[in-house]
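The sequence shown begins at 265 in this note's numbering and counts up by one.
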Amino acid sequence: MLILTRRLGESINIGDNIKVTVLGIYGKQVRLGIDAPLKVVVHREEVYVKIQNENRKAAQSGKKDLLSVVSMLRNKFRSEIKPDSKRSELKYRQQKRRRDDRNEKRR
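Structural data, given as structure tokens:
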């Protein structure tokens with residue numbers, strides 16, 4: 265951690281684009297001015313922590329929702345893929361005929 269001492273009206277630069285200026289000192293509070301490009305997001309620490317927590321909660325609930333959708337789709341496709349008993353019996357007979365035909369051709 266870099267520790268700097270600044271007086272009222274003095275500034276520090278962070279990189280080429282960010283400038284922090286001491287605007288006022290009121291008892292134990294220091295008023296800072298931050299000049300940064302619009303692309304740089306600046307938050308107070310307590311706000312930043314709250315945003316991070318909310319993002320984590322949203323990501324977890326999204327995961328649960330996604331898993332429930334996946335299970336619903338699986339169940340739907342399983343029921344569509346399951347052949348009827350008549351169909352499976354017909355397929356079995358057709359496959360057996362093919363095997364029998366192949367075996368007879370080999371003889």
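Even for Gly, the Cβ is constructed at its ideal location relative to N, Cα and C. The structure displayed is predicted, hence computed values, not measured ones.
Original post:
How is isoleucine 278 classed by DSSP in three states: helix, strand or coil?
Top reply: Annotated three-state conformation of isoleucine 278 is strand, per DSSP.
Original post:
By Cβ distance below 8 Å, which residues in the same chain neighbour glutamate 274 in space, the five residues on each side in sequence not counted?
Top reply: Here the set comprises Thr285 and Val286.
Subject >> isoleucine 289, DSSP secondary structure in three states >> reply: The DSSP-derived three-state label of isoleucine 289 is strand.
Subject >> Closest by C-alpha distance to arginine 383, when choosing among Arg270, Arg295 and Asn319 >> reply: For the chain, the structure presents residues 265 to 371; residue 383 sits outside this window and is missing.
Subject >> Given isoleucine 278 as reference, the closest of Asp299, Arg357 and Ser325 once Cα atoms are compared >> reply: Selected option, being the one with the closest Cα: Asp299.
Original post:
Do you know how far the Cα of valine 311 is from the Cα of isoleucine 276?
Top reply: If you take the alpha carbons of isoleucine 276 and valine 311, they lie about 23 Å apart.
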